[in-house]
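**Q** Okay, so the sequence shown: first residue is 54 according to the working numbering, each after it adds one.
We put the beta carbon where it would ideally sit given N, CA and C, even for glycine.
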Amino acid sequence: MARLFGLIGNRSDLAGRVLAHESDALIARSGGAQLGWGMGFYQGGEVLMRRRPIDDSPAVDIAKAAADVRADLLVGQVRSATVGGLRTENTHPFRYRQWLFAQTGTLAAFDVVRERLVASVPEFLRSSIRGETDAEILFYVFLSFLHDAGRLNDVVVEPAHVREAIRSSVAVANGMAAEVGADAAQINVIISNGEFLVALHCGAQMGVRVFKGKSDADLIIGDDMALRRRTPELGQVHFSLLVSDFDDEWSIASSSPTAQAHWNLIPERAIVTLERGVDPSIEPI
C-alpha cells in the first residue's frame, strides 16, 4: 500500500520507457485504503512536481502517471497516510530549493519527539515546514545538517555530504526515540538535488534495477523505429531504478526468474548512491 522510487539516467526521452518496462514493480495497490501519490523531477534546471493527495483508484500505476515525463531524474512516492492527512502539504516528495525528499515508514515515537525535532531546525528553515508528517520534519533536520556543514547554499554538493547528513539526521531521530524507550525507525528515504540520488534503507525491502548497454536499450525501445533512429548509441544508455516497499502482489523474491536476475536486493541498513552513467554504490549506514 506504499511505494518509494527513484530513477536516474542519461536520456530524458527514455525515462518513461524504463518505468513502463518495470511497471509491475511500481504498481501500488490500495487494499481498501485511500492512497495519495506524488513525484518530482528536473527539467531545464527547474524542479517540477506532480502531486495527487487523494487517488480513489484501486491501484496507483506510477509508470502510467509518469508516461509523458521527459526527465532523466525522478523521485516519487505512493502513500497510505500514517502521519498527517491526505492533503497536498503532506504529499511526498517534499521540496526545498533544488532538493527533493521522499520517505516510507514512520519515525519511532514521533508524536513524543516531534517538538524536539522541530526545535532542532533553525528558524529560517523551520518556517518553510507546511505539513504534519514526520517525513517533512526529517527532511528539514537533514537540511539543517547540510547548513551546519556549510553545504546548504553550495552550487556543487558531493554525495558524501548528503550521506553524512542523512546518517546524522536519522541518528538524531533515533536517539530521541531511544530516550523514551522506542526502537529505531524502520524507514526508507530517497533524496536528490538533481545531480544524483541518495537512498537510505532501514525499512521495507528495497531493490535496484540497472539498465545499461545495447541489450537493455533494445528492451526499453522495443519496436519503436522512430525512437530507435534517435538513439544511435544504444550501448551508452544507462539508467538505475530504485524501488522499495513491495507488496504481496509483486516482490523481487516472487517475480519471474528473468526479473530476479536483473533486480538486486539492497542489504539491510545500507545507503545507496545513484549517479548518471555509473552503477549503484552501496555502503553500510
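Which of helix, strand or coil does DSSP assign to ARG104?
**A** Of the three classes helix, strand and coil, the one that applies to ARG104 here is strand, per DSSP.
**Q** For PRO111, which of helix, strand or coil comes out of DSSP?
**A** In this structure, PRO111 counts as coil in the three-state DSSP scheme.
**Q** Spatial neighbours of SER197 within its chain, please: C-beta separation below 7 Å, excluding the five flanking residues on both sides.
**A** Only SER173, VAL174, PRO175, LEU178 meet the Cβ criterion.
**Q** Threshold first: 4 residues or longer. Then list the alpha helix (DSSP H) segments lying entirely within the segment 159 to 204, N to C.
**A** 163 to 172, 176 to 179, 187 to 201, all fully within the segment 159 to 204.
**Q** With a threshold of 8 Å between beta-carbons, can LEU196 be considered close to chain D, or not?
**A** Judged by its chain identifiers, the structure shown contains no chain D, having just a single protein chain.
**Q** What residues in its chain sit with their C-beta under 7 Å from that of VAL122, if we drop five residues either side in the sequence?
**A** Correct list, in chain order: ALA68, GLY69, PHE94.
**Q** Compute the beta-carbon to beta-carbon distance between VAL128 and PRO106, rounded to the nearest angstrom, for a pair I have assumed lies under 8 Å.
**A** The Cβ separation is near 17 Å, so there is no contact.
**Q** Between the alpha carbons of ALA323 and LEU253, how many angstroms are there, rounded?
**A** Cα to Cα, ALA323 sits roughly 6 Å from LEU253.
**Q** In the DSSP assignment, find the unbroken alpha helix (DSSP H) run with ARG282 in it and report its ends.
**A** It spans 278 to 282 - the alpha helix (DSSP H) in which ARG282 sits, taken as one unbroken run.
**Q** Which residue wins for smallest C-alpha separation from GLU189, given the options ASP207, THR141, HIS214?
**A** Closest by alpha carbon: THR141.
**Q** Assign GLN87 to one of three DSSP states: helix, strand, or coil.
**A** GLN87 falls in the coil class under three-state DSSP.
**Q** Would you mind listing the beta strand (DSSP E) stretches within the segment 258 to 323 that are 3+ residues and don't spill past its ends, in chain order?
**A** DSSP runs (the beta strand (DSSP E)) wholly in the segment 258 to 323: 259 to 265, 291 to 297, 316 to 318.
**Q** Would DSSP call LEU250 helix, strand or coil?
**A** Strand, per DSSP.
**Q** Cα-Cα, which of ARG183, THR311, THR135, ILE182 is closest to ASP164?
**A** Out of ARG183, THR311, THR135, ILE182, THR135 has the C-alpha closest to the C-alpha of ASP164.
**Q** Have a look at HIS214 and ARG204 and give me their C-alpha separation to the nearest angstrom.
**A** Cα to Cα, the separation comes out at about 8 Å.
**Q** Name the DSSP beta bridge partners of THR326, please?
**A** According to DSSP, which records beta bridges pairwise, THR326 is partnered with VAL251, SER334.
**Q** Please state the DSSP three-state secondary structure of GLY228.
**A** GLY228: helix per DSSP, three-state reduction.
**Q** Run the CB neighbour count on SER293, radius 10 Å, all protein chains shown included, and call it buried at 16 or more, exposed below.
**A** Buried, because 16 or more other Cβ atoms sit within 10 Å of the Cβ of SER293.
**Q** Return the CA-CA distance between TRP152 and GLY85, expressed in angstroms with no decimal places.
**A** Near 33 Å, if we compare the C-alpha coordinates of GLY85 and TRP152.
**Q** Where does the unbroken beta strand (DSSP E) through ARG82 begin, and where does it stop?
**A** 80 to 82 is the extent of the beta strand (DSSP E) around ARG82.
**Q** By the three-class DSSP mapping on this structure, what secondary structure does GLU217 have?
**A** Looking at GLU217 - three-state DSSP - the assignment turns out to be helix.
**Q** Where does ASP129 sit, in a helix, a strand or coil, going by DSSP?
**A** Note on residue identity: the sequence assigns Gly, not Asp, to residue 129. In the structure shown, GLY129 sits in a strand (DSSP, three-state: E or B).
**Q** Closest by CA to ASP187, which one among GLN239, VAL209, VAL233, VAL210?
**A** When each option's Cα is compared against that of ASP187, the closest is GLN239.
**Q** Would the beta-carbon of THR326 fall within 8 Å of that of PRO333?
**A** Yes, they are a contact pair.
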